[in-house]
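J.: For reference, the structure I am asking about is given below.
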Amino acid sequence: MTRVGLYLDLRIPPGTRGADVYARTLDRVADAERRGLEAVWVTEHHGFADGYLPAPLTATAAIAACTRTLRVGTAVVIGPMLPAATLAEQAAVVDLISGGRLELGVGAGWSAAEFARVGADHRARYATLEDQLRRLPELWADGTVTPAPVQDPLPTWVGARGPRGARLAGRVGAGLLWLDPALVEPYAEGLGDRAGGRLGGLVNVLLADDPDAAKSEVRAAARRNRASYSGNDDAAATTGDATFPKLRVLTAGDAVAAIRAQLAPLAGTFPVTDVFCFADLGGLPADVVDRHLELVTDVLRPGLAAPVPVGGA
């Protein structure tokens with residue numbers, strides 16, 4: 001069964017207070033959990049003028065503390081920007097706070113500027129990431145890092161948008177956190193005869209009762225978001241988050257059909273255990289965001305859980 005979740009970047013739009021954005025987001029997450037939401041995922045970037053979330057594991061700890069049942073995931077922590085022991089410590093603490101609900105998604109990152117901020121080796125990022133993922137279980141098991149997480153093994157994911165990262169995910173036995181049929185083959189190559197392959201990732205939809213009416217607000221927020229990458233890294237336009245699938249503003253019913261169509265090419269490969277969509281684009285009117293969240297929990301989640309009709313998507 002596929003869990004449905006929300007994706008948070010916690011941008012702070014002009015004219016708003018960061019503390020208000022964070023408090024409102026936590027309130028919305030808690031309310032969405034009461035309505036049946038199954039997961040929340042957070043992302044990471046550094047040095048953005050709009051305050052794009054720079055501390056994903058701190059955010060997941062806060063989410064874990066105000067919820068009881070939903071999974072809390074990172075999509076992703078930029079692993080090579082942290083020492084392996086620090087990543088192990090922070091992840092373990094979140095898993096303990098949540099009572100064993102962490103989904104640890106890590107990625108190699110793409111922004112050389114972000115690596116430079118902390119003196120990390122951008123060119124070695126893939127090798128560093130693979131080494132980290134292999135070392136994490138050992139660090140917990142031998143007591144090098146304490147305390148240990150609740151879950152053993154702790155579920156791990158690799159966010160990858162190309163074959164190199166997909167093979168890496170397979171080699172370390174992690175889930176692949178990107179929904180692209182072209183990555184299934186390299187992921188399977190990396191897995192070899194290991195069991196437990198799984199897929200998850202972004203389904204970039206925003207739900208509205210009247211999509212045409214919502215699009216003007218969405219376009220303005222999307223333009224601000226795209227512009228926020230300018231100046232953070234010259235590669236952003238071609239290799240960064242600009243490669244997200246195009247945002248679609250849809251009714252809830254149309255979103256169910258669209259996501260099922262998106263997942264159809266993955267049928268018969270690995271189980272898709274998780275999908276998630278942005279909770280907010282940063283700066284959308286409160287009524288647009290609140291209705292989107294209601295439709296995600298009340299219509300999209302049960303719609304994706306229902307059996308696929310014979311002969312249809």
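Per full-length UniProt numbering: the sequence shown = residues 1 to 313. Cβ coordinates follow ideal geometry from the N, Cα and C atoms, glycine included.
#1: Starting from the Cα of Gly253, find the closest Cα among Arg226, Gly200 and Arg301 and give me that residue.
#2: Thinking C-alpha only, which one of Ala141, Asp210 and Gly200 is nearest Met1?
#3: Could you name the residues of the same chain whose beta carbon sits closer than 8 Å to that of Leu129, not counting the 5 residues immediately before and after it, in chain order?
#4: Where Thr60 and Pro265 are concerned, what is the direct C-alpha to C-alpha distance, given to the nearest angstrom?
#5: With burial defined as no fewer than 16 other Cβ atoms inside 10 Å of the residue's Cβ, what is the status of Asp287: buried or exposed?
#6: In terms of residues, what are the limits of the alpha helix (DSSP H) holding Thr43?
#7: Between the Cα of Leu10 and those of Arg3, Val4 and Val29, spot the shortest distance and give me the residue it belongs to.
#8: Would you call Gly5 buried or exposed, if buried means 16 or more other Cβ atoms sit within 10 Å of its Cβ?
#9: Would Thr43 be called buried (16 or more neighbouring beta carbons within 10 Å of its own) or exposed?
#10: Do you know whose CA, among Val275, Ala279 and Thr251, lies nearest Asp180's CA?
#11: What does a CB cutoff of less than 6 Å around Tyr126 pick up in its chain, not counting 5 residues either side in sequence?
#12: Return helix, strand or coil for Val296, following the three-state DSSP convention.
#13: For Asn225, which of Ala166, Asp193, Leu281 and Ala188 has the nearest alpha-carbon?
#14: Alpha carbon to alpha carbon, what distance is there between Asp95 and Asp290?
#15: Whose C-alpha, out of Ala49, Ser98, Arg117 and Asp50, is nearest the C-alpha of Val72?
#16: Can you give me the Cβ contacts of Glu217 inside the same chain, cut-off strictly under 8 Å, excluding the 5 residues immediately before and after it?
#17: Count the other CB atoms within 10 Å of the CB of Cys277; is the residue buried (16 or more) or exposed (fewer)?
#18: According to DSSP, Arg198 sits in a beta bridge with which residue or residues?
#19: If you draw a straight line from the C-alpha of Val150 to the C-alpha of Val93, how long is it?
#20: So which of Thr269, Leu104, Leu102 and Ala120 has the shortest CA-CA distance to Trp110?
#21: Could you pull the start and end residues of the beta strand (DSSP E) that Asp50 belongs to?
#22: For Trp157, write down the residues that DSSP places opposite it in a beta bridge.
#23: Can you check which of these residues, Arg68, Ala49, Arg35 and Thr86, is closest to Thr58 by C-alpha distance?
#24: Within a Cβ cutoff of 6 Å, which residues of the same chain sit near Pro155, ignoring the five residues on either side of it in sequence?
#25: Could you tell me which of Trp41, Arg17, Asp50 and Gln262 sits nearest to Ala221, measuring between CA atoms?
#26: Give every residue of the same chain whose Cβ lies closer than 7 Å to the Cβ of Arg3, excluding the five residues on either side of it in the sequence, and list them in chain order.
#27: My guess is that Gly197 and Leu206 are in contact by the Cβ rule of under 8 Å, so how many angstroms apart are they, rounded?
#28: Taking its Cβ as the centre, do 16 or more other Cβ atoms sit within 10 Å of Glu189, making it buried, or is it exposed?
#29: Report the CB separation of Arg117 from His46 in whole angstroms; it is logged as a contact under 8 Å.
#30: Nearest CA to the CA of Val21: which residue from Trp41, Val249 and Leu53?
#31: Exposed or buried, residue 314, counting other C-beta atoms within 10 Å across all chains shown (16 or more means buried)?
#32: In this structure, does DSSP put Val205 in helix, strand or coil?
#33: Check this for me: beta carbons of Gln262 and Val299, under 9 Å apart or not?
T.: On the basis of the coordinates in this document:
#1: Arg301
#2: Gly200
#3: Gly79, Pro80, Val106, Gly107, Ala108, Val158 and Leu168
#4: 31 Å
#5: exposed
#6: No alpha helix (DSSP H) contains Thr43, which DSSP labels as neither H nor E.
#7: Val29
#8: buried
#9: buried
#10: Val275
#11: Ala108
#12: helix
#13: Leu281
#14: 28 Å
#15: Ser98
#16: Leu284, Pro285 and Val288
#17: buried
#18: For Arg198, which the question treats as bridged, DSSP gives no partner whatsoever.
#19: 9 Å
#20: Ala120
#21: Where Asp50 is concerned, there is no enclosing beta strand (DSSP E), given that its DSSP letter is neither H nor E.
#22: Gly105 and Gly175
#23: Thr86
#24: Glu103
#25: Asp50
#26: Glu38, Ala39, Arg71, Thr273 and Asp274
#27: No, Gly197 and Leu206 are not in contact; Cβ-Cβ is about 30 Å, not under 8 Å.
#28: exposed
#29: 6 Å
#30: Leu53
#31: With the chain covering 1 to 313 only, the question about residue 314 has no answer from this structure.
#32: strand
#33: no
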